[in-house]
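Start counting at 1 in the sequence shown, then tack on 115, and there's your number in my numbering. Structure record follows, encoded as C-alpha cells.
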Amino acid sequence: MTAIDDFRRAQTRILHRYGVDAESLFPRLAVVNGRAHVLRAGDGPAVVLVPGFADPAAMWTPLLAQLAGFTVYAVDRPCFGLTDSAEHDTATIRRLAADFLSQVLDALGLARPLVIGNSIGSLWATWLALDRPDRVAAMVHIGCPALWLGTSAPLPMRLLSVPSIGRRVMASPPSPSQVEAFGRLMAGEDLSLLPELRDLLVAAGRLPGAQRATVQVLHALVRLRGARPEVTVGPEQLQAIRQPVLLVWGSRDKFGGPDVGREAARVIPDASLRVVACGGHCPWVGHPAEVAGAAVPFLRDHAV
Numbered sequence: 116m117t118a119i120d121d122f123r124r125a126q127t128r129i130l131h132r133y134g135v136d137a138e139s140l141f142p143r144l145a146v147v148n149g150r151a152h153v154l155r156a157g158d159g160p161a162v163v164l165v166p167g168f169a170d171p172a173a174m175w176t177p178l179l180a181q182l183a184g185f186t187v188y189a190v191d192r193p194c195f196g197l198t199d200s201a202e203h204d205t206a207t208i209r210r211l212a213a214d215f216l217s218q219v220l221d222a223l224g225l226a227r228p229l230v231i232g233n234s235i236g237s238l239w240a241t242w243l244a245l246d247r248p249d250r251v252a253a254m255v256h257i258g259c260p261a262l263w264l265g266t267s268a269p270l271p272m273r274l275l276s277v278p279s280i281g282r283r284v285m286a287s288p289p290s291p292s293q294v295e296a297f298g299r300l301m302a303g304e305d306l307s308l309l310p311e312l313r314d315l316l317v318a319a320g321r322l323p324g325a326q327r328a329t330v331q332v333l334h335a336l337v338r339l340r341g342a343r344p345e346v347t348v349g350p351e352q353l354q355a356i357r358q359p360v361l362l363v364w365g366s367r368d369k370f371g372g373p374d375v376g377r378e379a380a381r382v383i384p385d386a387s388l389r390v391v392a393c394g395g396h397c398p399w400v401g402h403p404a405e406v407a408g409a410a411v412p413f414l415r416d417h418a419v
C-alpha cells in the first residue's frame, strides 16, 4: 500500500461521511508539466474552490455537502493532494497562481466561474482576479486571506519558513495527534471531532514531496519577521478588485481577526462581510451550515 493509495482512501472516506458524490478529474496542464487533480460534484452554475496552506481539495468536503444546486470543482494546488509539482518562489509565485488557475479553468471549459478560496487559496484567487479579471465572476473568501492588509502567518508557521528549521521539523511524516494539535493551534478547529478529516490531512502530509513543498511555499510567502512584502496584498490592490466579493470570517481567526475583514470590506469596491461566531480560520469545518447560509445566496446572485 502506497502513500497515494492511503490518500485516495482517506479522500473517499471524508466524501462518504458527508454524502458527497464526487469524481476525480485529472486535466493535463503545462504549468505543472503533468496533471492537476480536481474533485467535481453536483449540477448547476460552476463554483471553483481553492484550498489553503497545504490542504487538499477534499478539505472543502463539509462545505461541498452544503452547495446543492451548483457544480463544484475543488482543486488540489500544485505539489499538494494529487496535483503534480511546480516550484514555488517569491519572484514567480503570483504568476504560477494565475497561470495554474487559468489553465485549470481552460481544461474544465469554464470561462468565468464563481471562486471560493481560503487562506493561501484566497491569495491565489485574488491574484487571478487582479491579473486575469475576465476569468472570475465573483469571489467568496472564507477565513482571513493570506497576506492581506498586513497579516501574516502565526509564528510557528513562520519558523517553518526558515529552510533549515522547516526541513528538520518536517523530516518526519505527520501523526494524527500532530495534525489535531496543528488544527487547534493554527486553524482554531477541533479535528478530533472529525476523524475522517484529520485522517485526510495526515494522509495528505505523507504524500511524496508534500513536506518539502510545504516548507517551500512558506519560504516563498513569509519570513521569520512576517510576510514578504513582494507578495502582500495591500489597500491599493484590494481597491482594484472589480468583482463582487463576500468575506466570511471566523470570529476567532488567528491569521487575522474580524477587524481585518471589516477593513477589507471597506476598501474593496463591492464587498460585504459576514462573521461566523466562534469560527476559526477554516469556519466551514465546524460551522458548515452557517458558512453556506452566507455563501449560497451570494453565489446564486452572481452566477453567470
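Glycine is no exception: its CB is placed at the ideal position from the N, C-alpha and C atoms.
Would you mind reading off the limits of the beta strand (DSSP E) that contains residue i?
i: Val363; result: Val360 to Gly365
In chain order, what residues of the same chain lie with their CB nearer than 6 Å to the CB of residue i, ignoring the 5 residues before and after it?
i: Ala229; result: What sits at residue 229 in the sequence shown is Leu, not Ala. The residues are Val162, Ala252, Ala253 and Leu414.
i: Pro403; result: Pro177, Leu178 and Gln181
i: Trp364; result: Pro373, Gly376 and Val390
i: Leu197; result: His152 and Asp191
i: Ala268; result: Val337
i: Glu345; result: Thr205
i: Trp316; result: Checking the sequence, you will find Leu at residue 316 rather than Trp. For Leu316, where only same-chain residues beyond five positions count, the Cβ hits under 6 Å are Val294.
i: Val187; result: Ala156, Gly157, Val162 and Leu179
i: Ala189; result: Leu154, Leu164, Ala172 and Trp175
Would DSSP call residue i helix, strand or coil?
i: Ser287; result: coil
i: Ser154; result: Ser is not the amino acid found at residue 154; the sequence shown has Leu there. Three-state DSSP puts Leu154 in a strand.
i: Val411; result: helix
i: Gly394; result: coil
i: Ser200; result: coil
i: Leu388; result: strand
i: Val348; result: strand
i: Ile231; result: strand
i: Glu304; result: coil
i: Gly341; result: strand
Assuming residue i is part of the alpha helix (DSSP H), what are its boundary residues?
i: Val332; result: Ala325 to Leu336
i: Gly401; result: Pro398 to Gly401
i: Gly376; result: Pro373 to Val382
i: Leu312; result: Pro310 to Gly320
i: Leu300; result: Careful: Leu300 lies outside any alpha helix (DSSP H) and carries neither H nor E.
i: Phe122; result: Ala118 to Arg132
i: Asp214; result: Ile208 to Leu223
Taking C-alpha atoms, which residue in the options lies nearest to residue i?
i: Gly236; options: Glu405, Cys397 and Glu304; result: Cys397
i: Arg123; options: Arg132, Val391, Ser139 and Arg357; result: Ser139
i: Thr117; options: Ala319, Gly394 and Leu220; result: Ala319
i: Val277; options: Ala342, Asp314 and Arg247; result: Ala342
i: Leu309; options: Gly281, Pro291, Leu300 and Pro323; result: Pro291
i: Gly401; options: Trp263, Ala386, Arg367 and Ala240; result: Arg367
i: Val382; options: Leu225, Ala201 and Pro359; result: Pro359
i: Pro288; options: Gly303, Gly324, Ala302 and Pro271; result: Gly324
i: Arg273; options: Ala380, His334, Thr127 and Ala173; result: His334
i: Glu311; options: Pro142, Val294 and Ala222; result: Val294
i: Ile280; options: Leu243, Arg247, Ala355 and Val330; result: Val330
i: His203; options: Gly394, Val147 and Ala261; result: Val147
i: Pro166; options: Val406, Leu275 and His256; result: His256
i: Asp246; options: Phe215, Leu339 and Gly224; result: Phe215
i: Leu428; options: Val317, Pro142 and Pro171; result: Shown here, the chain extends from 116 to 419; a query on residue 428 therefore has no answer.
i: Ala201; options: Leu315, Gly149 and Asp170; result: Gly149
i: Trp263; options: Gly159, Pro350, Val317 and Gly232; result: Pro350
i: Leu270; options: Gly258, Leu300 and Cys259; result: Leu300
i: Gly134; options: Ile119, Arg321, Arg210 and Ala183; result: Ala183
i: Ala244; options: Ile208, Arg313, Ser217 and Gly408; result: Ser217
i: Gln326; options: Ala169, Asp120 and Ile119; result: Ala169
i: Ala355; options: Ala261, His417 and Thr241; result: Thr241
Leaving out the 5 sequence neighbours to the left and right, which residues in its chain are closer than 8 Å to residue i when beta-carbon positions are compared?
i: Arg227; result: Asp249, Arg250, Val251, Ala252 and Val419
i: Leu275; result: Gly281, Val284, Met285, Thr329, Val330 and Leu333
Between residue i and chain C, is there a C-beta pair that is closer than 8 Å?
i: Leu225; result: The structure shown contains no chain C, having only a single protein chain.
Can you list, in chain order, the residues of its chain with a C-beta nearer than 7 Å to that of residue i? Leave out the 5 residues immediately preceding and following it.
i: Glu304; result: Gly298, Gly395, Cys397, Val400 and Gly401
i: Leu388; result: Leu362, Trp364, Gly376, Arg377 and Ala380
i: Asp422; result: The chain is shown from 116 up to 419; residue 422 falls before or after that span and cannot be answered.
key: Inside the segment 140-193 only - alpha helix (DSSP H) runs reaching at least 4 residues   = 176-179
request  = Note down, one range per segment and in chain order, each alpha helix (DSSP H) of at least 4 residues found wholly within the segment 242-282.
outcome  = 270-275
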